[in-house]
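For what it's worth, the working numbering labels the leading residue of the sequence shown as 14, then goes sequentially. Just so it is clear, CB atoms sit at the ideal spot from N, CA and C, and this is done for glycine as well. Reading through the structure tokens given below for one structure.
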Amino acid sequence: MDRALVEIMLTVSTLCVMSLAIASAYAQYGSLATVMAGASSEEMHYSVVRGIMDAASEAKIGGSSVSIILMLPSKIAISAVAGNVSTTCLGENRSYAFYLDVSGGGFSNAFNVTGTPDGRVTVTPME
14 MDRALVEIML TVSTLCVMSL AIASAYAQYG SLATVMAGAS SEEMHYSVVR
64 GIMDAASEAK IGGSSVSIIL MLPSKIAISA VAGNVSTTCL GENRSYAFYL
114 DVSGGGFSNA FNVTGTPDGR VTVTPME
């Protein structure tokens with residue numbers, strides 16, 4: 014065969030292999046980014062849940078109202094009604110049902126979580 018034809022065939026086949034490798038890496042890292050966003054959203058949701066539980070338990074043990082400042086790395090929407098807490102962060106919605114009377118909510122990255130000895134918890138955004 015002609016040397017120029019062989020070089021063209023090798024170049025084209027190398028480009029095909031490289032494009033397959035790039036497409037595969039793009040697909041893998043794209044799904045990794047989706048998984049990481051979901052994990053981050055879930056971690057922030059559970060930070061809110063832990064903050065509510067901490068405020069309620071410290072108020073119950075101490076016998077007086079307790080306020081906890083909850084600082085999060087990014088903004089999150091919290092809606093708490095009749096013990097059901099829903100959060101929306103990074104496009105992911107999560108919800109949790111409490112045995113406590115939890116109310117309040119808002120959209121911020123900092124919240125004041127106030128617990129009382131009778132089991133009521135109020136979540137208010139800080140500006």
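Within the continuous beta strand (DSSP E) that includes residue i, where are the two ends?
i, result
"Pro138", "133–138"
"Thr127", "114–128"
"Ala110", "105–110"
"Ala95", "No beta strand (DSSP E) holds Ala95; DSSP gives it neither H nor E."
When the Cα atoms are used, what is the spatial distance from residue i to residue j?
i, j, result
"Gly104", "Glu140", "22 Å"
"Leu113", "Pro86", "26 Å"
"Thr127", "Gly76", "13 Å"
"Leu28", "Ile21", "11 Å"
"Ala17", "Leu23", "10 Å"
"Asp131", "Ser53", "32 Å"
"Thr47", "Ser26", "32 Å"
"Met31", "Ala110", "50 Å"
"Tyr39", "Met49", "15 Å"
"Ser78", "Val134", "9 Å"
"Leu33", "Phe120", "43 Å"
Specify the secondary structure class of residue i as computed by DSSP and reduced to three states.
i, result
"Ala69", "helix"
"Ser53", "helix"
"Ser60", "helix"
"Ser87", "strand"
"Ser80", "strand"
Across which residues does DSSP place residue i in a beta bridge pair?
i, result
"Thr148", "The question about residue 148 has no answer here: the residues shown for the chain are numbered 14 through 140."
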